[in-house]
Structure formats: C-alpha cells, structure tokens
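A.B. asks:
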Amino acid sequence: MSTMENETAFERHKATEHALNSQNKARDMILSRAEDGQQIDVETEELVARECGLNETDLQRVLGALQADGLLVYRPTGYVKAPTQDEVQRELLELASQ
Numbered sequence: 015m016s017t018m019e020n021e022t023a024f025e026r027h028k029a030t031e032h033a034l035n036s037q038n039k040a041r042d043m044i045l046s047r048a049e050d051g052q053q054i055d056v057e058t059e060e061l062v063a064r065e066c067g068l069n070e071t072d073l074q075r076v077l078g079a080l081q082a083d084g085l086l087v088y089r090p091t092g093y094v095k096a097p098t099q100d101e102v103q104r105e106l107l108e109l110a111s112q
C-alpha cells in the first residue's frame, strides 16, 4: 500500500472508531435514563443525539439494537425499560389472581 492509501485507511479507521464511541455513549445514556424510570421520548432522543453527535439514522440504529437486545420496549409515547422476567411473572400472577 502506498503512503496515501495507508493514510486514507487510517482516517477511515479513526472515523469508524469515533462513530462507534458515539453510539456507545448514546447507548449508555439511554440505558441510564431508562433504568432511572425515564421514558425515552422524542425530546430525549434529540438531546442524546445532539450530545453524542449522532444523526437520526445512527440514533435509530442504537435504539433498534437496544430493542433487539431486549433492554427497551417501544410504547406509543416513547421507549421504556423492558420489564424483567420477574416483573412479567409478578404481573401475570396478579392478573391471574383477580
């Protein structure tokens, strides 16, 4: 590889690394807020995107990954922390006993 090709490859690597760091920061911010019981609404999404330097597509990618991992669920008013298995069991037992 020529020096120019090496520099270009290095720049691409740094850009990818920066994007992943930004997405990880957004993931941590969203999870922290969800763990605190906060709903992740449009305003919160915009705040996180702005603070992490993400565009809408990248932010939606982060939210989608959190949903796929079972950490967030979408409600009409925004994303919330996904219930744990114990919480689901308790709720089902309550409903069954009524």
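Residue numbering for the sequence shown follows our numbering, starting at 15 and increasing by one per position. Ideal Cβ placement from N, Cα and C applies to all residues, glycine included.
(1) Whose C-beta lies closer than 8 Å to the C-beta of Arg89 among residues of the same chain, with five residues either side of it excluded?
(2) Determine the extent of the alpha helix (DSSP H) in which Leu73 is found, giving its start and end residues.
(3) Check for me: the beta strand (DSSP E) holding Leu85 runs from which residue to which?
(4) Using a Cβ-Cβ cut-off of 8 Å (strictly less than) and excluding sequence neighbours within five positions of Ala79, which residues of its own chain qualify?
(5) Less than 9 Å separating the beta-carbons of Leu68 and Val76?
(6) Would you give the residue range spanned by the alpha helix (DSSP H) that Gln112 belongs to?
(7) Which residues bound the alpha helix (DSSP H) around Ala96?
(8) Closest to Gln37 by C-alpha separation, out of Glu70, Val87, Gly92, would be which residue?
C.D. replies: Quick look at the numbers:
(1) What you label residue 89 is simply residue 75 of the sequence shown in a count that begins at 1. Gln53, listed in sequence order.
(2) Within the sequence shown, numbered from 1, the residue matching residue 73 stands at position 59. DSSP places Leu73 in the uninterrupted alpha helix (DSSP H) bounded by 70-82.
(3) In the sequence shown, the residue the question calls residue 85 occupies position 71. Note, Leu85: premise wrong, no beta strand (DSSP E); not H, not E.
(4) Sequence index remark: in the sequence shown, residue 79 carries index 65 (1-based). If we look at Ala79 and ignore the five residues flanking it on each side, its Cβ neighbours are Arg41.
(5) Here residue 68 is taken as the residue at index 54 of the sequence shown, counted from 1. Here residue 76 is taken as the residue at index 62 of the sequence shown, counted from 1. The Cβ atoms of Leu68 and Val76 lie closer than 9 Å to each other.
(6) Indexing the sequence shown from 1 puts residue 112 at position 98. In the DSSP assignment, Gln112 falls outside any alpha helix (DSSP H) and carries neither an H nor an E.
(7) Within the sequence shown, numbered from 1, the residue matching residue 96 stands at position 82. Careful: Ala96 lies outside any alpha helix (DSSP H) and carries neither H nor E.
(8) In the sequence shown, counting from the first residue as 1, residue 37 sits at position 23. The candidate whose alpha carbon is nearest that of Gln37 is Glu70.
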